[in-house]
Structures are given as structure tokens and as C-alpha cells.
Amino acid sequence: MEKSEKCRDSRTKCRMDFTVETIHCDDRSRSAYFALVPDARRYTVVEEHGERFFLDKYLKHLIPFDEMRENMARQMPGLPLFSLSPTIKSTPDYAYGRRGTIVEDLHTGRYTPPSEEAMPHQRFEDNPRPRDIAFLSMDVCESTKKRAANPEAFEGAYAVLFRELGTVVGQFNGALLTSTGDGFIAIIDFPAFTCQCDAAVDLGLSLIVVLRDAVNPALEQAGLAPLQIRIGADYGPANLRRHEIPATGFSRDEVASDALNRACKIEKSASPNQFRIGRRLYELIHVRWLERADRVPFDGANVGIPGYQVYRVT
Numbered sequence: 007m008e009k010s011e012k013c014r015d016s017r018t019k020c021r022m023d024f025t026v027e028t029i030h031c032d033d034r035s036r037s038a039y040f041a042l043v044p045d046a047r048r049y050t051v052v053e054e055h056g057e058r059f060f061l062d063k064y065l066k067h068l069i070p071f072d073e074m075r076e077n078m079a080r081q082m083p084g085l086p087l088f089s090l091s092p093t094i095k096s097t098p099d100y101a102y103g104r105r106g107t108i109v110e111d112l113h114t115g116r117y118t119p120p121s122e123e124a125m126p127h128q129r130f131e132d133n134p135r136p137r138d139i140a141f142l143s144m145d146v147c148e149s150t151k152k153r154a155a156n157p158e159a160f161e162g163a164y165a166v167l168f169r170e171l172g173t174v175v176g177q178f179n180g181a182l183l184t185s186t187g188d189g190f191i192a193i194i195d196f197p198a199f200t201c202q203c204d205a206a207v208d209l210g211l212s213l214i215v216v217l218r219d220a221v222n223p224a225l226e227q228a229g230l231a232p233l234q235i236r237i238g239a240d241y242g243p244a245n246l247r248r249h250e251i252p253a254t255g256f257s258r259d260e261v262a263s264d265a266l267n268r269a270c271k272i273e274k275s276a277s278p279n280q281f282r283i284g285r286r287l288y289e290l291i292h293v294r295w296l297e298r299a300d301r302v303p304f305d306g307a308n309v310g311i312p313g314y315q316v317y318r319v320t
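Numbering (our numbering), first residue to last: 7 to 320.
Dropping the structure here:
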């Protein structure tokens, strides 16, 4: 156990999870008082050398009790509150509803969009300042083999998958950064990193549910082979860089990010229909996701970080 130096460094993001307890509500004055209590699912109280700490059971950080209280009292006044919710209330219910619609679309050739509104597409280039981004890399397993076996059937099935999963990205307040041949890279870009990181995990799991419960059953009913995907995600700084070749007139803007590179490498390590996340993202997600994350073998040298830890989320 060690005191977390990250939490002492204001330049590095650090998260704590709390439960909210109502202390008092006054209808006459229209006021309410609440207490923020460190979430017992994540923290236990320990004592060392006469000093009390909260022990983060997942990150193994010791957080000094008095220091936490003083910092919260100093930082809370005027602190903005953010909320980020998907337009999908229940992913299993959404997938069940989309299944019949996709079947009808495949039969008639007419696309019917979901009633849940997706966020309009936004380009990273429209806001080129450096910032932290949650990246998700999705790829179809054995796509080359499937395309070679039946090109027309694969392209039809992939068009449905890309359209439906790309829509889910927008419904979780994300955007497609780029397509990648037989997959895509999605981003979650939001001012509050806790909302941002939780949304990324929720999105990754939801993509697998929509594929499993909506897209594949509809494909099979239409006589098409089901598809499998892999998803990897991570979090970190990103910036826009420009490539130019004056002699040919070529120019292109590109997002540069180690987090993006890690997400792609993590995705390649995943098994079919599996979602994996990197340690940087793992450290910033809510305990409800930490409870569903298990460490898996990963060669950190592939991302330039020997020993880098990767987790499967279910």
C-alpha cells in the first residue's frame, strides 16, 4: 500500500467514488443538505502510524482522510457539475427493438432509424486543441476470410453492422474518428473525464450487446452469416498534426495519441466478442465498472510500456 502521488499532483487526473446520503430537506426554504460518503464497494478505512486513510481496494492507493476532507472543502465551492447520459435507456431493450426493424430493413431495403436520437457527428478537427480523449477501436474478426468466401454477403452484413453500431456510438455521445477497413475508431470527447470514461466503457459493452441481440439475429434470419467483433479502449492526451508533401500537393490532418495507439493494440489482443480496456482508462472509471473488470495477459512492450495492464470488462 502506498500514498497515491498521482492524487497529490493537480496535473494528473484522479478519481474517487461517493454515495450520496440525504441529511435534511426543507420544503419551506427549498433547500437540501447532502453528505458525500466514500463508496464502501471501493474503499475501506485503515490506520497507519496513528493516521486514518481510505484504502482504494482496486488501485491500492492510500488516501489520507484529513487531506481528502480539506481538499474537498477547498475545491467544491464553484465546482461545475456535469452529466452525460446516453439516449438509450436500456441497451438490451434497445437491441430487442432494433432486431425486428433490421429484419424488416433487410427484407425491404428501406432503412428505418431508431426513435432514440443519436448525437450529430462531430469531427475532432473542428476543435483541434490538445485534450484528453477516450478512444475505442472496433474490428470485425476474420473479415478477410469472410469476404473471400462470399464478398456480396459479407459486404451486406458489414453495412448493417457498421450502420447500427455507428448509430450506437452517437447515442452514447460519441463520434466516429475514422473507419478502418472492417471496423472503426470512436471517441468520447467531453469536459468531465469521469463522465467521459464511464461513457466509453458503457459504449463498449453496449456495442457487443447490440451485435449479439439485434444485428446477428437479424442477419441470420435473412440468411446471412453472423459477425464477431473485438473492441479495445484506452484514455489519454490527443492532438491534431498535419502531414504535408509540398512536391505532390498532398496534405492531411491526423489525430496523434498514444492512447489511440494503445486502444488499437489492445483491440488486437482481444478474443471474439470481447471488450478490453487499458490501465489508464481503468484507473478513471466508476466502481460499478471496476467490479466487472478482470486483468488479462498482455504484452506491454507492444505499446511501449512494459508491464502495461489490460482488463477484460464483461
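All residues carry an ideal CB built from backbone N, CA and C; glycine is no exception.
**Message:** On the CB-based measure, 16 or more other CB atoms within 10 Å of its CB, does Tyr-317 come out buried or exposed?
**Reply:** For the purposes of this step, residue 317 is taken as residue 311 along the sequence shown, with counting starting at 1. So Tyr-317 counts as buried.
**Message:** Can you tell me where the beta strand (DSSP E) holding Pro-44 begins and where it ends?
**Reply:** As a working note, residue 44 is residue 38 in the sequence shown. Start and end: 37-44.
**Prompt:** Cα separation between Tyr-314 and Asp-305?
**Reply:** If you number the sequence shown from 1, residue 314 lands on position 308. If you number the sequence shown from 1, residue 305 lands on position 299. The straight-line gap from Cα to Cα measures roughly 7 angstroms.
**Asked** With respect to the alpha helix (DSSP H) encompassing Arg-153, which residues constitute its N-terminal and C-terminal limits?
**Response** In the sequence shown, the residue the question calls residue 153 occupies position 147. It spans 149-155 - the alpha helix (DSSP H) in which Arg-153 sits, taken as one unbroken run.
**Asked** Val-52: buried (16+ other C-beta within 10 angstroms of its C-beta) or exposed?
**Response** As a working mapping, residue 52 is identified with position 46 in the sequence shown. Counting Cβ neighbours within 10 Å, Val-52 comes out exposed, since fewer than 16 surround it.
**Message:** Using only the alpha-carbon positions, how far apart do Thr-18 and Gly-106 sit?
**Reply:** As a first step, residue 18 must be located in the sequence shown, where it is residue number 12. As a first step, residue 106 must be located in the sequence shown, where it is residue number 100. One C-alpha to the other measures close to 46 angstroms.
**Request:** Give the straight-line distance between the Cα atoms of Gly-180 and Gly-103, rounded to the nearest whole angstrom.
**Result:** What you label residue 180 is simply residue 174 of the sequence shown in a count that begins at 1. What you label residue 103 is simply residue 97 of the sequence shown in a count that begins at 1. Using only the alpha carbons, I get a separation of about 21 angstroms.
**Prompt:** On the three-state DSSP scale, how would you describe Tyr-117?
**Reply:** Taking the sequence shown and counting its residues from 1, the one referred to as residue 117 is at position 111. Note: Tyr-117 maps to coil in three-state DSSP.
**Prompt:** Roughly how far, in whole angstroms, is the beta-carbon of Arg-236 from the beta-carbon of Glu-273, given that I think they are within contact range, below 8 angstroms?
**Reply:** What you label residue 236 is simply residue 230 of the sequence shown in a count that begins at 1. What you label residue 273 is simply residue 267 of the sequence shown in a count that begins at 1. The pair is a contact, with the Cβ atoms about 5 angstroms apart (cut-off 8 angstroms).
**Message:** Can you tell me whether Ala-163 is buried or exposed? The criterion is at least 16 other CB atoms within 10 Å of its CB, across all chains shown.
**Reply:** Here residue 163 refers to the residue found at position 157 when the sequence shown is read from its first residue. Looking at its Cβ environment, which holds 16 or more other Cβ atoms inside 10 Å, Ala-163 is buried.
**Asked** From this set, Asp-264, Glu-110, Leu-85, His-55, which residue's C-alpha is nearest Ala-220's C-alpha?
**Response** Within the sequence shown, numbered from 1, the residue matching residue 220 stands at position 214. Closest in C-alpha terms to Ala-220, from the list Asp-264, Glu-110, Leu-85, His-55, comes Glu-110.
**Item:** Selected residue, minimal CA-CA separation from Glu-289, among Phe-256, His-67, Ala-124, Ala-192
**Value:** Mapped onto the sequence shown, residue 289 falls at position 283. Residue nearest to Glu-289 within the set Phe-256, His-67, Ala-124, Ala-192 is His-67 (criterion: CA-CA distance).
**Item:** Inter-residue Cα distance where the pair is Phe-71 and Gln-81
**Value:** As a first step, residue 71 must be located in the sequence shown, where it is residue number 65. As a first step, residue 81 must be located in the sequence shown, where it is residue number 75. Just so you know, the alpha carbons of Phe-71 and Gln-81 end up roughly 16 angstroms apart.
**Opening and closing residue of the alpha helix (DSSP H) in which Ala-205 lies** = For this step, residue 205 is matched to residue 199 along the sequence shown. Under the DSSP assignment, Ala-205 falls in the alpha helix (DSSP H) whose first and last residues are 199-216.
**Message:** I'd like to know if the segment 135-145 and the segment 226-245 are in contact, where contact means that at least 3 CB-CB pairs between them fall below 8 angstroms.
**Reply:** Counting Cβ pairs under 8 angstroms, three or more are found: they touch.
**Prompt:** Taking buried to mean at least 16 other C-beta atoms within 10 Å of its own C-beta, is Gly-321 buried or exposed?
**Reply:** It is not possible to answer for residue 321, since the shown part of the chain is limited to 7 through 320.
**7 angstroms CB neighbourhood of Asn-308 in its chain, flanking five on each side removed** = Along the sequence shown, one-based indexing puts residue 308 at 302. So the list reads Lys-271, once near-sequence residues are dropped.
**Item:** 8 angstroms contact criterion, which Leu-183 and Ile-193 should meet: CB distance rounded
**Value:** For the purposes of this step, residue 183 is taken as the residue at position 177 of the sequence shown. For the purposes of this step, residue 193 is taken as the residue at position 187 of the sequence shown. Under the criterion of beta carbons closer than 8 angstroms, Leu-183 and Ile-193 qualify as touching, at roughly 5 angstroms.
**Request:** Determine, using beta carbons only, whether Arg-286 and Val-319 come nearer to each other than 7 angstroms.
**Result:** For the purposes of this step, residue 286 is taken as residue 280 along the sequence shown, with counting starting at 1. For the purposes of this step, residue 319 is taken as residue 313 along the sequence shown, with counting starting at 1. Going by C-beta atoms, Arg-286 is not nearer than 7 angstroms to Val-319.
**Request:** Count the other CB atoms, across all protein chains shown, that sit within 10 Å of the CB of Asn-156; report buried if there are 16 or more and exposed otherwise.
**Result:** Numbered from its first residue, the sequence shown carries residue 156 at position 150. Result: exposed.
**Request:** Give every residue of the same chain whose Cβ lies closer than 6 angstroms to the Cβ of Val-293, excluding the five residues on either side of it in the sequence, and list them in chain order.
**Result:** On the sequence shown, position 287 is the one that residue 293 refers to. Closer than 6 angstroms at Cβ, skipping near neighbours: Asp-23, Asp-45, Arg-47, Arg-48.
**Asked** Taking C-alpha atoms, which residue in Glu-54, Trp-295, Phe-130 lies nearest to Phe-196?
**Response** Residue mapping note: residue 196 aligns to position 190 of the sequence shown, counting from 1. Residue Phe-130 is the option with its Cα nearest to Phe-196.
**Request:** Determine the closest residue to Val-215 out of Gln-202, Glu-54, Gln-234, Ala-124, with distance taken between C-alpha atoms.
**Result:** As a position in the sequence shown, residue 215 is number 209, starting the count at 1. Comparing alpha-carbon positions, the option among Gln-202, Glu-54, Gln-234, Ala-124 lying closest to Val-215 turns out to be Gln-234.
**Item:** Length of the line joining the Cα atoms of Glu-226 and Glu-158
**Value:** In the sequence shown, the residue the question calls residue 226 occupies position 220. In the sequence shown, the residue the question calls residue 158 occupies position 152. Going from the Cα of Glu-226 to the Cα of Glu-158 covers about 15 angstroms.
**Item:** Identity of the residues DSSP links to Val-174 by a beta bridge
**Value:** Looking up residue 174 in the sequence shown gives position 168. Val-174 is not bridged by DSSP to any residue.
**Asked** Roughly how many whole angstroms lie between the Cα atoms of Gly-210 and Ala-239?
**Response** For the purposes of this step, residue 210 is taken as residue 204 along the sequence shown, with counting starting at 1. For the purposes of this step, residue 239 is taken as residue 233 along the sequence shown, with counting starting at 1. In a straight line, the C-alpha of Gly-210 is about 8 angstroms away from that of Ala-239.
**Enclosing beta strand (DSSP E) for Cys-31 [first to last residue]** = Here residue 31 is taken as the residue at index 25 of the sequence shown, counted from 1. In this chain, the beta strand (DSSP E) harbouring Cys-31 covers 24-32.
**Message:** What residue range does the beta strand (DSSP E) around Tyr-241 cover?
**Reply:** Taking the first residue of the sequence shown as position 1, residue 241 is located at position 235. Note, Tyr-241: beta strand (DSSP E), 235-251.
**Request:** Just the C-alpha distance for Asp-145 and Phe-190, rounded to the nearest angstrom, thanks.
**Result:** Position 139 of the sequence shown, counted from the first residue, corresponds to residue 145. Position 184 of the sequence shown, counted from the first residue, corresponds to residue 190. Cα to Cα, the separation comes out at about 7 angstroms.
**Message:** Measuring straight from C-alpha to C-alpha, what distance separates Val-166 and Asp-208?
**Reply:** Here the question's residue 166 lines up with position 160 in the sequence shown. Here the question's residue 208 lines up with position 202 in the sequence shown. Rounded to whole angstroms, Val-166 to Asp-208 spans 21 angstroms at the Cα level.
**Local conformation of Ile-291 per DSSP, three classes** = Start at 1 with the first residue of the sequence shown, and residue 291 comes out as number 285. DSSP places Ile-291 in the coil class of the three-state scheme, outside both helix and strand.
**Request:** Determine the burial state of Phe-281: buried for a count of at least 16 other Cβ atoms within 10 Å of its Cβ, exposed for fewer.
**Result:** In the sequence shown, the residue the question calls residue 281 occupies position 275. With a threshold of 16 other beta carbon atoms within 10 Å, Phe-281 meets it and is buried.
**Prompt:** If we ignore side chains and look at the alpha-carbon of each, how far apart do Ala-140 and Ser-89 end up?
**Reply:** Against the sequence shown, residue 140 aligns to sequence position 134. Against the sequence shown, residue 89 aligns to sequence position 83. Taking the straight line joining both Cα atoms gives about 16 angstroms.
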